[in-house]
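Peer 1:
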Ligand SMILES: [Zn+2]
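Numbering (our numbering), first residue to last: 5 to 322.
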């Protein structure tokens, strides 16, 4: 039962809660009619939008609107209304940049594209959306991702980085390989001193690392260290999920990733099995990071699979 609930949580985050069966929790999460979009001014002309799914960053100005991530398709209209209600511009959402392919960040691609937006993402985001496949931690938490409709696919893709020059700012998406997935980008708003980290940095506790989609804990640590090194000390950080943050929050998160992965690596070197690591509660000193979404056992499993290169069984798809 516990595993079922946890798996449902993972599915819900990825945007396909119905796949985990008729649990009340999953169905409740799918009811988007009750979701309200909360808009927070971050800095200058950058706003953060929260509803269901990943956080959205919006650059709103004289040239129009650029958003980073677009939550779920049923919320697209509410997101459009929330942007218009700010009464800053009548111009449309010209570009959507996806931080990665998961449905709680890219689920709105199709309605936004149909409304005239151009979707931009790293090469692997398009590939994974197009093919579908398996997402998961390489072990007990996994799900089949259906191929996306053509209209949902990013029509501009990049390998390393891309810059959108709008609203007087060089909005730059920079790819960091193999962190939360293999298609992650961190988006920099240098003039406004804001960054959107995607799911390489989240505030719900131990992170979900999609090992089955090419993610790894080492890549996540590298991404956080490299991004932190090039950011001003007072930068405002929009996490993939959770409250607006600062670099101290990112450093604490990175430290936890470094320490917990070292502990699991040590246990692997000592030939301990995954079951023994769970029984011995080797992540107990980091208990404060245990979340409803990823608990300590699920995170031990994630780190174990990431560090041993176990990607899980790949589900066949059409
Ligand atoms: Zn994600």
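Backbone N, C-alpha and C define an ideal beta-carbon position, used for all residues, glycine too.
A quick note: this is a predicted structure, and the numbers were derived from the prediction, not measured.
(1) For residue 48, which of 207, 171 and 131 has the nearest alpha-carbon?
(2) For residue 42, name the three-state secondary structure that DSSP assigns.
(3) Below 8 Å on the Cβ atoms is my contact criterion, and I expect residue 111 with residue 57 to pass it. Report the Cβ-Cβ distance as a whole number of Å.
(4) Nearest-angstrom Cα distance between residue 313 and residue 72?
(5) For residue 92, which residues of its own chain have a beta-carbon under 6 Å away from its beta-carbon, when the five flanking residues on both sides are left out?
(6) Between the stretch 281-293 and the stretch 247-254, do three or more beta carbon pairs fall short of 8 Å?
(7) Taking the CB atoms as reference points, tell me whether residue 158 and residue 298 lie closer together than 9 Å.
(8) Could you name the residues that DSSP lists as bridge partners for residue 173?
(9) For the beta strand (DSSP E) that contains residue 52, what are its first and last residues?
(10) If you check the beta carbons only, do residue 105 and residue 187 fall under 9 Å apart?
(11) Have a look at residue 284 and residue 269 and give me their C-alpha separation to the nearest angstrom.
(12) Evaluate residue 100 with the Cβ neighbour count: other Cβ atoms within 10 Å of its Cβ, from every protein chain shown; 16 or more gives buried, anything less gives exposed.
(13) Any heavy atom of ligand 1 closer than 8 Å to the beta-carbon of residue 138?
Peer 2: Straight from the coordinates:
(1) 171
(2) Residue 42 sits in a strand when the DSSP states are folded into three classes.
(3) 7 Å
(4) 30 Å
(5) 64
(6) The stretch 281-293 is not in contact with the stretch 247-254.
(7) Taking 9 Å as the cut-off, the beta carbon of residue 158 is found no closer than this to the beta carbon of residue 298.
(8) Bridge partners of residue 173 according to DSSP: 170.
(9) 50-54
(10) yes
(11) 15 Å
(12) buried
(13) no
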